[in-house]
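Chemist:
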Amino acid sequence: MRYLLTALLAITMAVQAMAHSNCLYIEDFEICPDSAVTVPVILTNEQETRGFQFNITLPDGLTVARHKLADDALDYGMNLTFRKIESDDCYTAIAVPHDRTCFPPGTTIVMTLRLKASSDFKGGQISLWKQRGSTVENKTIVMNDTTVNVTVPGDAPAAQPF
């Protein structure tokens, strides 16, 4: 069963990678009001990427409870700065190594976010924007902005009449 789940995760990440190029994204997810969920932030890059940065805007009623680098990012010597920017009502994440290591081209989980929903959370969209990477020579790699759909269980669209 474990191998089946691992294979399904790998296939899902590969399909998502085809849809995204040079970006950071979170897959759509569901969360109950007054609960928390941990979601991976995934990097898809077509060329070596030394580090990454992005801003993240959350819908009303959703907050970041915790954040941490994933094991792969730690293996590449990444250091994470993550803070809330009150003036823009968003969070910003910056990860860079102290040396000249790079993420190879491909798809990898670079960090996780523990998100908490308030008791009146009704769903919404998360925006990951102003995404950037950098080459080993510190040249900017502009990445595509992405949007995540966050739903609450039972929010299925009403059946459409024929």
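Just remember that the working numbering sits 6 ahead of the position in the sequence shown, which is counted from 1.
The beta-carbon is built from N, C-alpha and C at its ideal position, and this holds for glycine as well.
The structure presented is a predicted model; accordingly, all values stated were derived computationally and were not measured.
Can you tell me which of T107, D66, L80 puts its alpha carbon nearest to the alpha carbon of V116?
Modeler: Minimum Cα distance to V116 is reached at L80.
Chemist: If you run the structure through DSSP and keep just helix, strand and coil, what is L30?
Modeler: Three-state DSSP puts L30 in a strand.
Chemist: Roughly how many angstroms lie between the CA atoms of Q53 and I132, to the nearest whole one?
Modeler: Approximately 26 angstroms, taken between the alpha carbons.
Chemist: In three-state terms, what does DSSP make of E52?
Modeler: In the structure shown, E52 sits in coil (DSSP, three-state: anything other than H, G, I, E or B).
Chemist: Please list, in chain order, all residues of the same chain as G83 whose beta carbon is under 7 angstroms from its beta carbon, the five residues on each side excluded.
Modeler: Cβ within range, chain order: P103, H104, D105, T107.
Chemist: Do you know how far the Cα of I100 is from the Cα of N61?
Modeler: Distance between the alpha carbons of N61 and I100: 9 angstroms.
Chemist: Please classify V45: is it buried, with 16 or more other beta-carbons within 10 angstroms of its beta-carbon, or exposed?
Modeler: With 16 or more other Cβ atoms within 10 Å, it is buried.
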